[in-house]
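Engineer: In full-length UniProt numbering, the protein residues as written are 1 to 310. Here it is: the structure, laid out below.
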């Protein structure tokens with residue numbers, strides 16, 4: 001019996017054009033690019049621009065400029081999520097047909113007030129791994145006819161995954177293969193815990209798809225075999241694996257890498273312009289110097305408090 005040819009590894013770097021790239025982005029892009037080169041794989045650039053209120057063409061142009069300056073190259077054409085909204089809508093519709101989503105109408109203020117009232121009465125309100133209170137899910141228990149009436153009546157709403165029903169839908173335990181390391185050094189076969197996230201948003205009136213839904217659809221359609229990203233997304237893998245299983249999508253290998261932290265000990269933000277790739281370039285650093293910084297080869301850069309040369 002002939003042996004099937006090995007699957008070519010496919011890696012991707014998928015930034016959102018809602019600000020300038022910082023050193024943390026540089027680290028992730030470089031690791032993905034280098035791993036693709038080392039394995040004879042492919043390296044793709046994907047622009048995650050669903051949030052049209054924050055994503056801007058000038059930021060996309062800056063992303064391309066920064067990555068090219070670092071010496072990275074990628075396949076063309078570049079995939080933009082805004083060109084594929086119909087695919088995310090189809091995935092959502094499939095989950096709706098399975099009875100696994102419901103319309104939620106509580107505003108952020110109403111959610112905050114409900115959580116505050118519960119905690120004031122002594123109740124411990126559950127929070128997701130990012131510290132956000134779980135959605136109360138009051139609409140979840142409504143009859144289907146009343147849920148449909150909410151939508152038909154024009155109420156602003158978001159479509160949320162009914163987490164309990166989704167988990168019950170699984171026929172076997174949910175896991176993922178971790179080739180990197182989690183926050184506590186976890187590696188190997190990891191038990192997923194999607195319940196920790198509650199009823200996550202899959203779509204809302206101002207965003208036709210959530211990050212969770214669009215990313216698993218894109219990764220499957222682009223044939224991504226290795227998802228390499230920062231440890232801040234380690235716990236989100238549980239939700240992604242759940243959606244992959246529900247939608248019959250392939251399971252990639254995950255690799256979560258260390259984060260570059262700022263002087264305050266927190267992960268870098270696009271709002272911190274002094275840690276942006278462009279700021280280092282303007283300050284006279286070379287691509288080789290920046291690579292050494294983010295890979296931890298040139299102290300005192302790396303895990304703690306980088307700053308451009310004065």
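Ideal Cβ placement from N, Cα and C applies to all residues, glycine included.
Return the CA-CA distance between residue 194 and residue 23, expressed in angstroms with no decimal places.
Structural biologist: When rounded, the distance between both Cα atoms is 30 Å.
Engineer: Kindly indicate which three-state DSSP category residue 135 falls into: helix, strand or coil?
Structural biologist: In this structure, residue 135 counts as coil in the three-state DSSP scheme.
Engineer: What separation, rounded to the nearest whole angstrom, lies between the Cα atoms of residue 6 and residue 75?
Structural biologist: One C-alpha to the other measures close to 20 Å.
Engineer: Please list the terminal residues of the continuous beta strand (DSSP E) segment that includes residue 226.
Structural biologist: From DSSP, the beta strand (DSSP E) with residue 226 extends over 226-230.
Engineer: Quick check: what's the CA-CA separation for residue 277 versus residue 83?
Structural biologist: Computed Cα separation, rounded: 27 Å.
Engineer: Here's a check: name, in chain order, each residue in its chain whose Cβ is nearer than 6 Å to the Cβ of residue 237, leaving out the five neighbours to either side.
Structural biologist: The residues are 176, 254.
Engineer: I'd like to know whether the C-beta atoms of residue 79 and residue 224 end up nearer to each other than 8 Å.
Structural biologist: Going by C-beta atoms, residue 79 is not nearer than 8 Å to residue 224.
Engineer: Leaving out the 5 sequence neighbours to the left and right, which residues in its chain are closer than 8 Å to residue 59 when beta-carbon positions are compared?
Structural biologist: Answer for residue 59: 17, 18, 19, 20, listed in chain order.
Engineer: I need the DSSP call for residue 267, collapsed to helix, strand or coil.
Structural biologist: Strand.
Engineer: Just list the beta strand (DSSP E) runs in the stretch 164-189, keeping only unbroken ones of 3 residues or longer that don't cross its boundaries, in chain order.
Structural biologist: Runs of the beta strand (DSSP E) inside the stretch 164-189: 175-178.
Engineer: Would you mind reading off the limits of the beta strand (DSSP E) that contains residue 160?
Structural biologist: 158-161 is the extent of the beta strand (DSSP E) around residue 160.
Engineer: Can you tell which of 139, 105, 222 has its C-alpha closest to the C-alpha of residue 77?
Structural biologist: Residue 222 is the option with its Cα nearest to residue 77.
Engineer: Helix, strand or coil: how does DSSP classify residue 109 here?
Structural biologist: Helix at residue 109.
Engineer: Please report the residue range of the beta strand (DSSP E) in which residue 254 lies.
Structural biologist: Run containing residue 254: 253-257, per the beta strand (DSSP E) assignment.
Engineer: Suppose you measure from the CA of residue 51 to the CA of residue 81; what does that come to, to the nearest Å?
Structural biologist: Approximately 10 Å between the Cα atoms of the pair.
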